[in-house]
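Have a look at the structure below, then the notes.
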Amino acid sequence: MTEVPVNFTLITANKTAKFTNKVGNFFYHKIKARLFIGFKILEKDGFFTYEATKAKALFDSLYLRKNLLVDKRNVEELRLNVGNLNEKDKEELEKYVELESSKKMKGILNWLFEI
2 MTEVPVNFTL
12 ITANKTAKFT
22 NKVGNFFYHK
32 IKARLFIGFK
42 ILEKDGFFTY
52 EATKAKALFD
62 SLYLRKNLLV
72 DKRNVEELRL
82 NVGNLNEKDK
92 EELEKYVELE
102 SSKKMKGILN
112 WLFEI
């Protein structure tokens, strides 16, 4: 049986980078400092990790793909289950889109909720 590489996409306030080790491939994507919010800090066995909220993880995923999402069909093809978002999650997602302040992300958000 062959090994399948595991890819992890992560958001950082530092520079974009890629690291590979026995766990998998780690792709760090830099975002603007004002968008590096929406997470909680967790500690386990002396290590700290940042875990995004559901809304922030969705925002980051859309934000990283915003130049590829040129119409509603592209958003539909992501096959996202937005039914798993409650009203609080939707409001939080809208807050990040407003903070990012581009027409592109506002359009993507509208297409997302039209599906």
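All you need for this note's numbering is the position in the sequence shown, starting with 1, plus 1.
For every residue, glycine included, the Cβ atom is placed at its ideal position computed from N, Cα and C.
- residue 167 bridges to which residues according to DSSP? Since the displayed the chain opens at 2 and closes at 116, residue 167 lies outside it and no answer follows.
- Item | Cβ-based burial, residue 14 [other Cβ within 10 Å; buried from 16] | Position 13 of the sequence shown, counted from the first residue, corresponds to residue 14. With fewer than 16 Cβ atoms within 10 Å of its Cβ, residue 14 is classed as exposed.
- Item | Buried or exposed by the 16-neighbour rule on C-beta atoms within 10 Å, applied to residue 110 | By one-based count along the sequence shown, residue 110 stands at place 109. Classification for residue 110: buried.
- Task: State yes or no: is the C-beta of residue 101 within less than 9 angstroms of the C-beta of residue 73?
- Result: As a position in the sequence shown, residue 101 is number 100, starting the count at 1. As a position in the sequence shown, residue 73 is number 72, starting the count at 1. No. Outside cutoff.
- How long is the line joining the alpha carbons of residue 20 and residue 10, rounded to whole angstroms? What you label residue 20 is simply residue 19 of the sequence shown in a count that begins at 1. What you label residue 10 is simply residue 9 of the sequence shown in a count that begins at 1. C-alpha separation (whole angstroms): 11 angstroms.
- Task: Assign residue 60 to one of two classes, buried (16 or more other C-beta atoms within 10 Å of its C-beta) or exposed (fewer than that).
- Result: Numbered from its first residue, the sequence shown carries residue 60 at position 59. So residue 60 counts as buried.
- Message: So, with DSSP's three-state summary, where would you put residue 4?
- Response: Here residue 4 corresponds to residue number 3 of the sequence shown, with the count starting at 1. Looking at residue 4 - three-state DSSP - the assignment turns out to be coil, as it is neither helix nor strand.
- Which of helix, strand or coil does DSSP assign to residue 78? For this step, residue 78 is matched to residue 77 along the sequence shown. DSSP places residue 78 in coil when its eight states are reduced to three.
- Hey, would you say residue 50 sits closer than 9 angstroms to residue 90, going by beta carbons? As a working mapping, residue 50 is identified with position 49 in the sequence shown. As a working mapping, residue 90 is identified with position 89 in the sequence shown. No; because the gap between Cβ atoms is not below 9 angstroms, this pair is not in contact.
- Simplified DSSP assignment, three categories, for residue 26: Translated into the one-based positions of the sequence shown, residue 26 becomes position 25. Strand, per DSSP.
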